[in-house]
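Asker: Handing you a structure now.
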Amino acid sequence: MRVEATEPTTSIVEQLRPPEGQVGGPSIVTELRRALVSGAVRPGSPIPVDEVAKVFGVSRIPVREALKNLQGEGLLEHRPRMGYTVTSLTSDELAELYLVRGALEGAALSAAATRATEADRERARAALHGQGSDADPATETFQRSSRHFHEALLAPCRMPRLLHMVDIAWNLTEPVQTMMRVTDGERAALEHDHVELLEAFLDRDVDRLQRLATEHHQRLTQAISRIPIDDPE
C-alpha cells in the first residue's frame, strides 16, 4: 500500500523555482530536492529530463547528474525504459524510516544537550517560538517550522556525519507532510512534546530528554499508522 503526499501534483516542473543567474549542478540538486521534499509531487510521477533542463536553461547532462544524486538519497527511483520517478513509500517503509530517524536523533540529542552553547540554546528557544499560533497548521510553513525545531535541538551535537544521516532520513519522510495530516489532537500532543523536549534540553537532562524523544517518536509512529493510504498499485 502506497502513502500519498498531501494534495500532490503529477508535474515536478510546475514546482520548480530556478535561482537567478548562472545555474550549476549543486543549485539544480538543491531546487529539485526542495520540490520533492515539499510533498507537492505525486509519488511515482515521472521526471521529464528535457523539461527540467529547459526550466533551468541547461543541457540534459547536469540534470541527469542531479537526478543520480537524488536517487542516491532515496528521493527518486530509476527504472529501465521508464527513467526517473518520484519514490513511492509503502506504509511499512514509512514506519521503518521513522524508526531510523528516531534512532539517529536519539544518538545526536545526548551530545547536543551537553555540548550546547548559550547561543545554541537561544536558537532552540527561538525555533520553538517559531511554531507559535501564527503558523497555519494547514501549510508547508508549519511543517518546516516543526523540522526546524528538531534541527535546532540536534545541531549542537557537532557531529556532521550523523547530522547528514539525520537530514537524509528527514528528507525521505518529509514528502508525506505528517504534521499537516495528523488530527488536531495529535498535533497538539506533538507540539506539547516539543515544549517538554526543549525544557529537558535547556536543563541538560539527558535521561529525560532521551525518554521524551522516545515517547515523541512513538506518538509519531502511531500517528502515521493512521494516515490514509492508497490501494496497492
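Counting from 1, one number per residue, gives the positions in the sequence shown under the UniProt record's numbering.
Ideal Cβ placement from N, Cα and C applies to all residues, glycine included.
#1: Excluding the 5 residues flanking T85 on each side, which residues of the same chain have their C-beta closer than 6 Å to its C-beta?
#2: Would A126 count as contacting chain D if we go by Cβ distances under 9 Å?
#3: Buried or exposed: I61, going by 16 or more other Cβ atoms within 10 Å of its Cβ?
#4: Which ranges would you report for the alpha helix (DSSP H) in the segment 58–90 if only whole runs of at least 4 residues count?
#5: Label Q177 either buried or exposed according to how many other C-beta atoms from any shown protein chain fall within 10 Å of its C-beta, with 16 as the threshold for buried.
#6: Does the segment 84–99 come within contact of the segment 139–152, defined as at least 3 CB pairs closer than 8 Å?
#7: Considering only residues of the same chain and omitting the five flanking positions on each side of F56, which have a CB-CB separation below 6 Å?
#8: Is P46 helix, strand or coil by DSSP?
#9: Closest to V37 by CA distance: which of A155, G21, F149, D167 is it?
#10: I'd like to know whether the C-beta atoms of A152 and A126 end up nearer to each other than 9 Å.
#11: Please determine, among G21, P26, P48, the residue with the shortest C-alpha to C-alpha distance to Q15.
#12: For the ligand NAD, is there a heavy atom less than 8 Å away from the beta-carbon of V182?
#13: When you compare only the Cα positions, how much space is there between A188 and E122?
#14: L109 and S154 - do their beta-carbons sit closer together than 9 Å?
Answerer: Based on what the coordinates show:
#1: G44, P46, E77
#2: The structure shown contains no chain D, having only a single protein chain.
#3: exposed
#4: 60–72
#5: buried
#6: no
#7: P18, V23, I28
#8: strand
#9: D167
#10: yes
#11: P48
#12: Annotation note on the ligand NAD: not contained in the displayed structure, which lists no ligands.
#13: 23 Å
#14: The question names Ser, but residue 154 is Leu in the sequence shown. For L154 and L109, yes; Cβs fall inside 9 Å.
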